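Chains A and B, in that order, give the protein sequences. In this text, residue positions in the first sequence follow the numbering used here: the first is 1, and each later residue adds one. In this text, residue positions in the second sequence follow the numbering used here: the first is 1, and each later residue adds one. Ideal placement from N, C-alpha and C gives every residue a C-beta, glycine not left out. Given the structure is predicted, the values throughout are model-derived calculations rather than measurements. Here is the structure we will look at, set down as structure tokens.
There are 2 protein chains.
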Amino acid sequence: MVANRPAGNRPTLRQVAALSGVSLKTASRALNGEQYVSPDTADKVRAAAEQLGFRRNAIARDLRNGGRSSLVGLIISDLSNPFYSRVARGAERHLRRAGLQLISASSNEDSALEQTLVAEMLERRVSALLIVTSCSDHGYLDAERRLGLPVVFLDREPADIVADAVVLDNDGGMRRAVEHLVELGHRRIGLVGDLARLSTHRERVAAFEAALAAADIFDWHRYVRADCHDAAHAERAVREVLAVDPPPTALITTNNLITTGALRALRGLTERPALVGFDDFDLADVLGVTVVAHDPERMGECGAELILNRLDGTDGPPRRVMLSTELIERGSAEAAS
Amino acid sequence: MVANRPAGNRPTLRQVAALSGVSLKTASRALNGEQYVSPDTADKVRAAAEQLGFRRNAIARDLRNGGRSSLVGLIISDLSNPFYSRVARGAERHLRRAGLQLISASSNEDSALEQTLVAEMLERRVSALLIVTSCSDHGYLDAERRLGLPVVFLDREPADIVADAVVLDNDGGMRRAVEHLVELGHRRIGLVGDLARLSTHRERVAAFEAALAAADIFDWHRYVRADCHDAAHAERAVREVLAVDPPPTALITTNNLITTGALRALRGLTERPALVGFDDFDLADVLGVTVVAHDPERMGECGAELILNRLDGTDGPPRRVMLSTELIERGSAEAAS
DNA sequence: CTGAAAGCGCTAACAG
DNA sequence: CTGTTAGCGCTTTCAG
Chain A
1 MVANRPAGNR PTLRQVAALS GVSLKTASRA LNGEQYVSPD TADKVRAAAE QLGFRRNAIA
61 RDLRNGGRSS LVGLIISDLS NPFYSRVARG AERHLRRAGL QLISASSNED SALEQTLVAE
121 MLERRVSALL IVTSCSDHGY LDAERRLGLP VVFLDREPAD IVADAVVLDN DGGMRRAVEH
181 LVELGHRRIG LVGDLARLST HRERVAAFEA ALAAADIFDW HRYVRADCHD AAHAERAVRE
241 VLAVDPPPTA LITTNNLITT GALRALRGLT ERPALVGFDD FDLADVLGVT VVAHDPERMG
301 ECGAELILNR LDGTDGPPRR VMLSTELIER GSAEAAS
Chain B
1 MVANRPAGNR PTLRQVAALS GVSLKTASRA LNGEQYVSPD TADKVRAAAE QLGFRRNAIA
61 RDLRNGGRSS LVGLIISDLS NPFYSRVARG AERHLRRAGL QLISASSNED SALEQTLVAE
121 MLERRVSALL IVTSCSDHGY LDAERRLGLP VVFLDREPAD IVADAVVLDN DGGMRRAVEH
181 LVELGHRRIG LVGDLARLST HRERVAAFEA ALAAADIFDW HRYVRADCHD AAHAERAVRE
241 VLAVDPPPTA LITTNNLITT GALRALRGLT ERPALVGFDD FDLADVLGVT VVAHDPERMG
301 ECGAELILNR LDGTDGPPRR VMLSTELIER GSAEAAS
């Protein structure tokens with residue numbers, strides 16, 4: 001077991017106490033800045049601690065204090081996806097203000113791995129969990145939630161349980177995208193989407209369909225592809241959709257990775273369809289890509305906020321925060337075929 | 001203290017033992033899959049654990065086992081910078097195989113914050129530390145390193161101590177970039193760089209200078225700007241450099257953020273200088289940007305590997321891993337003014 | 001203001 | 001194969 005090498009000779013509080021000639025408890029009080037310690041004593045203890053290079057052992061402290069750590073777990077499908085790393089950043093920033101630290105892990109969109117990661121974090125006694133879930137069944141969290149563990153779902157809403165969640169206005173965002181394209185005269189509009197099982201995908205496709213129906217467009221199935229979970233898949237799917245006869249004059253891509261793949265597929269084409277992407281991304285401005293934008297860091301912050309509320313003792317029913325989206329026009333929607 | 005709310009009534013091993021009618025230690029053995037437990041007993045214990053919803057308490061376990069957790073700390077300047085989030089991903093993947101978990105934090109390029117974060121992680125008794133440092137003085141780590149804590153520096157090398165490190169071939173990468181531009185006929189080559197105090201920046205500028213000297217180009221100071229730590233700064237700096245008379249015909253940007261800023265500054269210009277960026281980035285292919293590429297995930301993996309070696313007991317002198325870079329030509333270097 | 005005793009939940013060491 | 005004892009480092013009673 002690589003983790004448990006001999007602990008080194010870290011000085012303990014007992015040694016600090018011995019060196020400064022006070023009791024264990026007095027040393028503890030002094031270093032924790034509690035009151036009822038004479039300034040003299042406090043100085044002595046601090047000096048001894050300094051000299052020894054003492055560091056309070058949070059493991060022992062947490063154990064004594066009821067066995068909950070000041071860690072919050074974050075599980076996302078891929079830490080290196082810019083969308084999720086921004087979510088993580090927002091969560092980190094907000095949690096930090098409350099003295100909590102973030103421990104994050106990537107689930108690779110794999111529900112078994114997600115459960116393993118959750119189990120590990122629970123063993124570590126995280127104070128709360130932030131999850132972008134890849135599971136369809138969340139029963140494995142029931143016991144924990146009953147025990148009072150705050151769990152907040154980010155981005156994707158669980159279908160089988162009600163719980164705190166922070167989601168995007170997928171419906172509004174997608175409707176705006178479709179309406180925008182329709183206003184510009186597009187009638188054959190395609191969509192390239194993420195894994196079909198994801199709640200985000202389903203919501204976005206439902207909104208897509210509804211908005212098209214509102215414009216009396218019903219012949220869209222042939223222009224829809226799903227289950228693209230990376231840019232390479234998306235690139236292929238875009239080529240496929242463009243090969244349909246007659247080809248769509250516009251395309252909607254439902255997340256940042258898919259938009260990237262689409263841009264690759266469209267590169268060099270003389271007849272480029274219009275494009276609107278869900279999620280903003282770096283250089284979308286330079287590339288002139290119209291997007292449905294939102295604020296990933298804010299998603300992380302809101303998730304953290306929900307957690308802090310629960311830890312502060314807010315009971316009450318699950319809350320659902322919906323984050324607004326905004327259509328940013330950069331020209332790629334106008335491109336007509 | 002928000003973290004230490006009443007711990008809930010999590011079942012303990014003692015309760016599992018009681019329910020299954022065995023002793024504490026037997027229950028422990030059974031759940032840890034140790035040998036010398038009869039299959040019957042093991043089943044009984046597992047059933048009881050299941051029924052109670054028991055989760056081993058890693059806090060107690062770590063304390064007992066010498067007080068080192070299976071956490072590894074990662075400190076980077078910004079978790080949402082794609083370069084660093086990829087480093088984190090690589091480290092996570094590799095550490096996970098060894099049963100270690102990653103706890104990451106952003107230092108905002110602030111040395112005081114970096115030290116605070118390190119202190120917090122040490123209190124948490126991380127097994128090791130991976131640091132993209134923002135400090136110039138690393139004395140605060142001496143005591144820890146002497147106590148046997150593995151510390152690995154990523155990307156930026158400490159100037160004041162020798163320690164395990166994973167760095168890029170900044171010299172080779174920058175030389176290739178300059179040579180490439182020179183071969184294409186450029187003589188007035190500018191550089192827009194990161195914070196001047198960073199080792200990476202200094203190495204890249206030194207290589208820039210050396211490569212230019214090798215081509216008998218000495219009049220480059222006027223085309224160099226540093227201390228850009230975000231895209232907005234870089235955008236301004238690029239405009240500035242382009243306003244010099246005569247303007248440079250080519251520009252080198254020394255990291256992904258700066259390249260982004262440069263692309264914004266160049267957008268819409270009729271006379272665009274050539275551009276070569278250090279760091280590859282999403283959509284560089286679509287934008288046709290020539291870059292000095294490398295593998296951020298590999299940096300994280302190598303850092304993790306060094307750590308695992310140290311935890312396995314490898315003593316010996318500090319090791320320095322240098323990761324290769326590669327010039328990827330995509331056309332932006334040819335653009336002559 | 002300070003100290004002594006107890007114990008958080010677990011596992012290593014040593015008996016049975 | 002199983003149980004008992006002790007104690008990781010700290011903080012919370014409860015007495016001085």
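Practice item. Compile a chain-ordered list of the residues in the stretch 279–308 of chain A whose CB is closer than 8 angstroms to at least one CB of chain B. Key: Against chain B - using a Cβ distance shorter than 8 angstroms - the residues of the stretch 279–308 of chain A are F281, D282, L283, D285, V286, L287, E297, L308.
Exercise for review: Report the residue from B:A60, B:R64, B:L19, B:R319 whose alpha carbon sits nearest the alpha carbon of R46 of chain B.
Suggested key: With distances taken between Cα atoms, R46 of chain B lies closest to B:L19.
Check your understanding: Under the three-state reduction of DSSP, which class applies to F278 of chain B: helix, strand or coil?
Key -> The answer is strand: DSSP assigns F278 of chain B an E or B state.
Exercise for review: Mind checking the stretch 259–274 of chain B against chain A and listing, in chain order, the residues whose C-beta falls within less than 9 angstroms of any C-beta there?
Suggested key: Correct list: T260, L263, R264, L266, R267.
Review point. What is the residue span of the beta strand (DSSP E) that I103 of chain A lies within?
Key: Taken as a continuous stretch (DSSP letters only), the beta strand (DSSP E) holding I103 of chain A covers 101–106.
Check your understanding: Should F198 of chain A go down as buried or exposed, given a rule of 16 or more other Cβ atoms within 10 Å for buried?
Key -> Phe is not the amino acid found at residue 198 of chain A; the sequence shown has Leu there. Here L198 of chain A is buried. Its C-beta has 16 or more other C-beta atoms within 10 Å.
Review point. Roughly how many angstroms lie between the CA atoms of L154 of chain B and L306 of chain B, to the nearest whole one?
Key: Using only the alpha carbons, I get a separation of about 11 angstroms.
Review point. Taking Cβ to Cβ, would you say R264 of chain A is nearer than 9 angstroms to V291 of chain B?
Key: The answer is no: Cβ separation not under 9 angstroms.
**Study point:** Cutoff 7 angstroms; reference A211 of chain B; Cβ partners in own chain excluding five residues on either side
**Key:** Cβ contact annotation for A211 of chain B (same chain, cutoff 7 angstroms, sequence separation greater than five): M174, R175, V178, E179, in chain order.
**Study point:** Proximal residues, the stretch 92–103 of chain A versus chain B, C-beta separation under 9 angstroms
**Key:** For the stretch 92–103 of chain A, which is checked against every Cβ of chain B, the residues closer than 9 angstroms are E92, R93, R96, A98, G99, L100, Q101, L102, I103.
**Study point:** Check whether L275 of chain A and A262 of chain A have beta carbons under 9 angstroms apart
**Key:** Cβ distance < 9 angstroms, so L275 of chain A and A262 of chain A count as in contact.
Check your understanding: Roughly how many angstroms lie between the CA atoms of E209 of chain B and N108 of chain B, to the nearest whole one?
Key -> For E209 of chain B and N108 of chain B, the distance between alpha carbons rounds to 29 angstroms.
Review point. Between R68 of chain B and V126 of chain B, what straight-line distance do the alpha-carbon atoms span, to the nearest angstrom?
Key: So the two alpha carbons sit approximately 6 angstroms from each other.
Review point. Which term fits Q101 of chain B, buried or exposed, when burial requires 16 or more other beta carbons within 10 angstroms of its beta carbon?
Key: Buried, since its Cβ has 16 or more Cβ neighbours within 10 Å.
Point to revise | Endpoints, alpha helix (DSSP H) assigned at V157 of chain B | key: Position check: residue 157 of chain B holds Glu in this sequence, whereas Val was assumed. Where E157 of chain B is concerned, there is no enclosing alpha helix (DSSP H), given that its DSSP letter is neither H nor E.
Review point. With a CB to CB cut of under 8 angstroms and the five nearest residues on each side skipped, what residues in its chain are close to P273 of chain A?
Key: Cβ neighbours of P273 of chain A within its own chain (closer than 8 angstroms, five residues either side excluded): G190, L242, P247, P248, T249, A250, L251, L266, A335, S337.
Check your understanding: How about G193 of chain B and T253 of chain B: are their beta carbons less than 9 angstroms apart?
Key -> With respect to T253 of chain B, G193 of chain B sits close: the two C-beta atoms are nearer than 9 angstroms.
Check your understanding: With contact counted as at least three CB pairs below 8 angstroms, one residue from each stretch, are the stretch 53–62 of chain A and the stretch 80–97 of chain A in contact?
Key -> By the C-beta criterion, the stretch 53–62 of chain A is judged not to be in contact with the stretch 80–97 of chain A, since fewer than 3 inter-stretch pairs fall below 8 angstroms.
Point to revise | Residue(s) in a DSSP beta bridge with E326 of chain A | key: Per DSSP, A:A293.
**Study point:** Assigned exposure category for A3 of chain B - 16 Cβ within 10 Å defines buried
**Key:** Caution applies to A3 of chain B, whose pLDDT of 32 falls short of 50 and renders its modelled position unreliable; the model cannot decide the point.
Practice item. State yes or no: is the C-beta of R187 of chain A within less than 9 angstroms of the C-beta of I161 of chain A? Key: For R187 of chain A and I161 of chain A, no; Cβs fall outside 9 angstroms.
Exercise for review: With distances taken Cα to Cα, identify the nearest neighbour of R299 of chain B among B:V321, B:G288, B:I258, B:A237.
Suggested key: The question names Arg, yet the displayed sequence has Met at residue 299 of chain B. Checking every option, the nearest Cα to that of M299 of chain B belongs to B:V321.
Point to revise | Cβ neighbour criterion (16 or more within 10 Å) applied to N32 of chain A | key: N32 of chain A is exposed by the Cβ-count criterion.
**Study point:** Proximity of A128 of chain A and P150 of chain A at Cβ, strictly below 9 angstroms
**Key:** Contact: yes.
Review point. Is G331 of chain A buried or exposed, if buried means 16 or more other CB atoms sit within 10 Å of its CB?
Key: When all chains shown are included, G331 of chain A counts as exposed.
Check your understanding: Hey, is I106 of chain B's beta-carbon within less than 9 angstroms of any beta-carbon in chain A?
Key -> Checking the sequence shown, residue 106 of chain B turns out to be Ser, not Ile. Yes, because at least one Cβ of chain A sits closer than 9 angstroms to the Cβ of S106 of chain B.
Check your understanding: Should L13 of chain B be labelled buried (16 or more other beta-carbon atoms within 10 Å of its own) or exposed?
Key -> Its Cβ being crowded by 16 or more others within 10 Å, L13 of chain B is buried.
Review point. For A30 of chain B, which residues of its own chain have a beta-carbon under 7 angstroms away from its beta-carbon, when the five flanking residues on both sides are left out?
Key: Around A30 of chain B: V37, T41, A42, V45, R46.
Review point. Three-state secondary structure (DSSP) at E334 of chain B?
Key: DSSP places E334 of chain B in coil when its eight states are reduced to three.
Practice item. With 9 angstroms as the threshold, decide whether the Cβ of G139 of chain A is near any Cβ in chain B. Key: False, the Cβ-Cβ gap to chain B never drops below 9 angstroms.
**Study point:** Chain-ordered neighbours of L63 of chain B on chain A, where CB pairs are closer than 7 angstroms
**Key:** Correct list: I59, A60, L63.
Practice item. Compute the Euclidean distance between the alpha carbons of D110 of chain A and C135 of chain A, then round it to the nearest angstrom. Key: In a straight line, the C-alpha of D110 of chain A is about 8 angstroms away from that of C135 of chain A.
Practice item. Would you kindly check if the distance between the Cβ of V72 of chain A and the Cβ of L52 of chain A is under 9 angstroms? Key: Against a cut-off of 9 angstroms, the Cβ pair of V72 of chain A and L52 of chain A comes out as no contact.
Exercise for review: Identify the contact partners of F318 of chain A in chain B, using a Cβ-Cβ distance below 7 angstroms as the criterion.
Suggested key: This sequence places Pro at residue 318 of chain A; Phe is not what is there. Simply none; closest approach about 18 angstroms.
**Study point:** Cβ distance (whole Å) where N255 of chain A is taken to contact D279 of chain A below 8 angstroms
**Key:** Their Cβ separation, rounded to whole angstroms, is 5 angstroms, which keeps N255 of chain A and D279 of chain A in contact under 8 angstroms.
Review point. First and last residue of the beta strand (DSSP E) that includes V286 of chain A?
Key: Counting along the chain, no beta strand (DSSP E) covers V286 of chain A; the unbroken alpha helix (DSSP H) around it starts and ends at 284–287.
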